[in-house]
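S.K.:
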Amino acid sequence: MTELNVKPPPNHDAATNRDAANWAQPVDRLSAAGVAGATDDAVTGRRVSGPLQGFGQLWQKTFTVRLDGVDISPTDLIALWKERFPTFWPKGQRFYAPLSGIAPGEVALLEIEPLPGAPVRFSTGVLVLYADDESFTFMSPEGHILSAWITFSARRDGDVTVAQAQALERPSDPFDELAYMLGGNRQNDRFWEATLRNLAAAVGVASPAVDTQVVCIDRNRQWRYWRNVRNSATIRSARRTLTAPLRKLTGRG
0 MTELNVKPPP
10 NHDAATNRDA
20 ANWAQPVDRL
30 SAAGVAGATD
40 DAVTGRRVSG
50 PLQGFGQLWQ
60 KTFTVRLDGV
70 DISPTDLIAL
80 WKERFPTFWP
90 KGQRFYAPLS
100 GIAPGEVALL
110 EIEPLPGAPV
120 RFSTGVLVLY
130 ADDESFTFMS
140 PEGHILSAWI
150 TFSARRDGDV
160 TVAQAQALER
170 PSDPFDELAY
180 MLGGNRQNDR
190 FWEATLRNLA
200 AAVGVASPAV
210 DTQVVCIDRN
220 RQWRYWRNVR
230 NSATIRSARR
240 TLTAPLRKLT
250 GRG
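Numbering that gives the first Met the number 0 puts the sequence shown at residues 0 to 252.
1. Compare the Cα-Cα distances from A37 to each of A23, G203, E105, E110 and report the closest residue.
2. Decide if the region 174 to 184 is in contact with the region 69 to 87; the criterion is three or more beta carbon pairs, one per stretch, under 8 Å apart.
3. For the beta strand (DSSP E) containing L181, name the first residue and the last one.
4. From the DSSP secondary-structure annotation, give me the bridge partner or partners of I149.
5. Are the beta-carbon atoms of C215 and Q56 separated by less than 7 Å?
6. Could you tell me the alpha carbon to alpha carbon distance between I234 and L195, rounded to whole angstroms?
7. Please report how far the alpha carbon of T63 lies from the alpha carbon of D132, in whole angstroms.
8. Report all residues from its chain with a CB closer than 8 Å to the CB of G100; omit the five preceding and five following residues, and keep chain order.
9. Grouping DSSP H, G and I as helix and E and B as strand, with all else coil, what is L29?
10. According to DSSP, simplified to helix, strand and coil, what is R83?
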């Protein structure tokens with residue numbers, strides 16, 4: 000059996016004085032006060048919820064793309080990725096960055112279209128858990144479809160810069176786990192594959208090829224977290240969509 004080297008992001012308490020500024024400070028509740036443009040704030044007042052607090056099976060996903068023929072350093076690529084992060088997402092998806100940019104402790108809001116043309120858009124967000132010159136890590140809040148850490152990084156492989164997105168994730172609640180099993184898992188893969196292709200194309204790679212590695216780390220479901228459903232962004236967003244005509248008539252937004 001192949002041994003998997005699976006580690007969560009380093010513990011904040013173990014951070015040295017040199018890199019402590021790259022970590023988000025501990026907070027009890029999140030605030031998206033520094034974000035503009037989103038139609039719904041489903042994050043303010045929530046706690047963070049990583050893969051340890053999720054319900055479903057635990058997955059590690061690694062997406063990489065080689066930037067062959069492009070002269071760009073890992074640090075320059077990460078700077079570009081942070082600056083233009085929303086522009087690399089697939090069409091129909093929205094990322095509302097904090098006004099101060101992708102920096103430790105900042106919160107971004109998301110509007111996700113689960114399927115092309117779907118009438119429901121999921122409103123959720125992320126906390127920037129860590130950020131330095133060569134990587135940055137997001138952590139999901141309560142209610143997000145996935146309880147996850149996802150790290151975006153760049154490195155050199157010989158003379159070629161390689162971009163990578165690596166997620167450690169569990170579906171947050173039983174409904175999200177069911178949706179994940181019925182196609183959400185592969186839809187999630189396509190999302191990040193498209194993002195990496197868009198990034199590579201933006202820096203000049205003619206035909207970017209994304210390598211995807213998906214491993215189920217833990218097939219057990221954490222039934223003690225089934226109550227995560229009470230914060231479900233899926234249910235909340237569906238309710239807002241269904242009640243939108245009534246809210247428009249009553250002027251409640």
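In this text, a Cβ means the ideal position worked out from N, Cα and C, and glycines have one as well. Predicted, not measured: the structure shown is a model, and the values here were computed from it.
M.R.: Let me spell this out:
1. Residue numbering aside, residue 37 sits at position 38 when the sequence shown is read from its first letter. Comparing Cα positions, the closest option is E110.
2. no
3. Indexing the sequence shown from 1 puts residue 181 at position 182. Counting along the chain, L181 falls outside any beta strand (DSSP E), and DSSP gives it neither H nor E.
4. Taking the sequence shown and counting its residues from 1, the one referred to as residue 149 is at position 150. The partner list for I149 (beta bridge, DSSP) reads F137, A166.
5. Position 216 of the sequence shown holds residue 215. Position 57 of the sequence shown holds residue 56. Contact flag set, yes.
6. Stepping through the sequence shown from its first residue, residue 234 is reached at position 235. Stepping through the sequence shown from its first residue, residue 195 is reached at position 196. One C-alpha to the other measures close to 29 Å.
7. The residue labelled residue 63 in the question sits at position 64 within the sequence shown. The residue labelled residue 132 in the question sits at position 133 within the sequence shown. Taking the straight line from one Cα to the other gives about 18 Å.
8. Position 101 of the sequence shown, counted from the first residue, corresponds to residue 100. Closer than 8 Å at the Cβ level, and outside the excluded window around G100, lie K81, E82.
9. In the sequence shown, residue 29 corresponds to position 30, counting from 1. Correct three-state label for L29: coil.
10. Along the sequence shown, one-based indexing puts residue 83 at 84. Here R83 sits in coil by DSSP.
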